[in-house]
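Structure, as structure tokens:
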């Protein structure tokens with residue numbers, strides 16, 4: 001069997017097994033996937049060592065792919081390459097093995113576990129950055145003084161909540177064992193289509209979104225769910241009713257995507273597409289929704305009810321439907337939009353391939 | 361059932377601890393002859409000592425930082441590869457580690473015969 005491989009292409013020709021394959025295109029595609037994987041690892045590596053480590057990992061991955069190709073006598077499929085990447089591990093965990101020094105945050109490391117700890121640090125940093133921006137906006141718009149306390153309380157809460165969530169996740173990892181540890185925290189967008197979505201992930205999301213949608217569906221019948229004890233004195237404005245159905249639609253898309261992925265975990269394209277649509281539309285709807293007066297006094301002549309309506313409006317606009325909501329949805333919408341790129345590219349490539357095939 | 365899984369977890373942890381020290385000796389011994397990561401991993405696997413990439417490469421980097429290995433990027437088969445070999449200091453350390461290994465092995469042999 002002869003195997004000639006260069007960075008430009010792969011030519012496999014086997015006398016012993018009686019095959020002859022020229023697979024330059026496939027090798028180029030293999031390299032695309034390898035580079036996507038390496039790019040994802042690179043993101044989490046210590047700055048000064050990135051190029052060196054990536055070059056070495058590239059040699060390792062290429063060697064493994066070449067050996068497997070020589071064994072099979074053909075180029076590897078995407079799924080076969082994914083087996084190699086999976087054996088290597090989640091890009092974030094792979095990179096963290098080069099960072100393990102055990103010098104800082106050892107308590108967090110112990111509680112959260114080495115696999116989840118990098119994700120914890122990244123998520124916590126993002127949350128704290130977003131929280132500080134939102135608090136600053138809130139203080140500016142409310143003409144309130146900038147005090148240390150105004151920042152420390154919400155940020156302290158962020159730290160506590162995110163830490164508790166990750167401790168729970170770590171416990172679940174131990175509980176669910178391998179099934180959970182095999183799922184990658186943030187797969188690179190270019191490789192996401194090769195990873196079926198974990199069912200537990202879609203199922204828990206479906207339960208949470210389902211409950212939220214149910215709450216929204218019940219509001220017209222039970223306004224108390226939003227207005228509390230003030231129901232007899234307040235009523236929803238026409239603007240509230242105008243936005244009710246679009247918000248419901250956004251919730252249904254979100255819950256629907258998760259529900260479908262429980263049944264079809266291999267439809268991984270549905271996650272970025274569904275959430276791009278749901279979160280993107282949700283951000284736009286919520287941005288405009290909170291600009292309106294949402295509740296008014298049931299008796300327009302009652303000064304007390306009007307005062308109450310103003311107070312409830314302020315709570316809704318700055319609390320339940322506060323700027324954090326459309327900001328959060330906008331950011332996640334953008335992230336999922338980014339994850340849609342490889343799927344759209346693959347769709348275009350497939351269509352082009354179809355046109356070429358028909359033309360020939 | 362819960363006891364069974366707990367004891368198997370303990371066993372896995374102990375096996376891991378036992379392997380870690382041995383792996384270092386094996387890697388150092390294997391690198392008396394210059395090799396790059398992939399061939400080193402294959403050579404170890406061929407001798408019955410499987411080591412995954414995620415463990416090997418950070419270990420090589422650590423041993424190099426400690427001065428026990430030296431590495432060099434060089435082209436082979438039209439591709440740049442990082443070749444590792446034992447340094448002078450690494451050779452001395454390996455010799456001492458092997459003496460320690462022999463001593464532990466012989467002590468264990470005596471203990472196990474007595475048991």
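Residue numbers (the working numbering), protein chains in the order written: chain B, 1 to 360; chain Y, 361 to 475. For glycine and all other residues, C-beta sits at the position ideal for the given N, C-alpha and C.
Min CB distance residue i to chain B below 7 angstroms
i, result
"residue 444 of chain Y", "no"
"residue 414 of chain Y", "yes"
"residue 381 of chain Y", "no"
"residue 397 of chain Y", "yes"
"residue 441 of chain Y", "yes"
C-alpha distance - residue i paired with residue j, whole-angstrom precision
i, j, result
"residue 130 of chain B", "residue 324 of chain B", "9 angstroms"
"residue 335 of chain B", "residue 279 of chain B", "10 angstroms"
"residue 349 of chain B", "residue 154 of chain B", "47 angstroms"
"residue 383 of chain Y", "residue 452 of chain Y", "17 angstroms"
"residue 443 of chain Y", "residue 394 of chain Y", "6 angstroms"
"residue 311 of chain B", "residue 230 of chain B", "11 angstroms"
"residue 172 of chain B", "residue 236 of chain B", "42 angstroms"
"residue 259 of chain B", "residue 207 of chain B", "9 angstroms"
"residue 47 of chain B", "residue 438 of chain Y", "28 angstroms"
"residue 135 of chain B", "residue 156 of chain B", "13 angstroms"
"residue 86 of chain B", "residue 248 of chain B", "38 angstroms"
"residue 369 of chain Y", "residue 116 of chain B", "20 angstroms"
"residue 103 of chain B", "residue 448 of chain Y", "For residue 103 of chain B, the pLDDT reaches just 47, beneath the cut-off of 50, and the residue's location in the model is therefore unreliable, leaving the point undetermined."
"residue 304 of chain B", "residue 267 of chain B", "54 angstroms"
"residue 375 of chain Y", "residue 381 of chain Y", "11 angstroms"
"residue 192 of chain B", "residue 414 of chain Y", "21 angstroms"
"residue 314 of chain B", "residue 137 of chain B", "16 angstroms"
"residue 25 of chain B", "residue 84 of chain B", "Since pLDDT at residue 25 of chain B reaches only 49, below the 50 mark, its modelled position is unreliable, and the value read off the structure follows with that caveat. Residue 25 of chain B and residue 84 of chain B: Cα-Cα distance of roughly 20 angstroms."
"residue 162 of chain B", "residue 90 of chain B", "21 angstroms"
"residue 128 of chain B", "residue 121 of chain B", "10 angstroms"
"residue 270 of chain B", "residue 343 of chain B", "10 angstroms"
Cut-off 8 angstroms between Cβ atoms - residues of its own chain near residue i, not counting five sequence neighbours on either side
i, result
"residue 351 of chain B", "none"
"residue 403 of chain Y", "390 and 395"
"residue 329 of chain B", "279, 280, 282, 283 and 286"
"residue 265 of chain B", "196, 197, 198, 199 and 202"
"residue 300 of chain B", "306"
Delimiting residues of the alpha helix (DSSP H) encompassing residue i
i, result
"residue 426 of chain Y", "Here residue 426 of chain Y belongs to no alpha helix (DSSP H), and DSSP marks it neither H nor E."
"residue 201 of chain B", "199 to 218"
"residue 284 of chain B", "270 to 289"
"residue 401 of chain Y", "397 to 406"
"residue 59 of chain B", "50 to 72"
"residue 393 of chain Y", "No alpha helix (DSSP H) holds residue 393 of chain Y; DSSP gives it neither H nor E."
"residue 78 of chain B", "78 to 88"
"residue 307 of chain B", "303 to 315"
"residue 226 of chain B", "224 to 227"
"residue 95 of chain B", "91 to 96"
Neighbourhood of residue i by C-beta, 6 angstroms cutoff - its chain only, sequence neighbours within 5 removed
i, result
"residue 457 of chain Y", "385"
"residue 263 of chain B", "none"
"residue 8 of chain B", "Residue placement at residue 8 of chain B is poorly supported in this model, since its pLDDT is 34, which falls under 50; the coordinates still yield a value, given next. Closer than 6 angstroms at Cβ, skipping near neighbours: no residue."
"residue 337 of chain B", "276"
"residue 297 of chain B", "305, 306 and 309"
"residue 434 of chain Y", "443"
"residue 326 of chain B", "283, 286 and 287"
Residue i - containing beta strand (DSSP E), residue span
i, result
"residue 261 of chain B", "Counting along the chain, residue 261 of chain B falls outside any beta strand (DSSP E), though it belongs to the alpha helix (DSSP H) covering 238 to 263."
"residue 446 of chain Y", "439 to 446"
"residue 297 of chain B", "295 to 297"
Cβ-based neighbour list, residue i, same chain, cut-off 7 angstroms, excluding 5 preceding and 5 following
i, result
"residue 212 of chain B", "251"
"residue 76 of chain B", "30, 65, 68 and 69"
"residue 372 of chain Y", "none"
"residue 219 of chain B", "225 and 226"
"residue 151 of chain B", "132 and 135"
Neighbour flag for residue i against chain Y, beta carbons, 7 angstroms
i, result
"residue 339 of chain B", "no"
"residue 94 of chain B", "yes"
"residue 97 of chain B", "yes"
"residue 63 of chain B", "yes"
"residue 48 of chain B", "no"
"residue 256 of chain B", "no"
"residue 233 of chain B", "no"
"residue 59 of chain B", "yes"
"residue 56 of chain B", "yes"
"residue 88 of chain B", "yes"
Any C-beta of chain D under 7 angstroms from that of residue i
i, result
"residue 396 of chain Y", "Protein chains B and Y are contained in the structure displayed, whereas chain D is not."
#### Entry: the region 86 to 96 of chain B in contact with the region 39 to 47 of chain B per 3-pair CB rule at 8 angstroms
yes
### Query
Does the region 202 to 222 of chain B come close enough to the region 141 to 151 of chain B to have 3 or more Cβ pairs within less than 8 angstroms?
no
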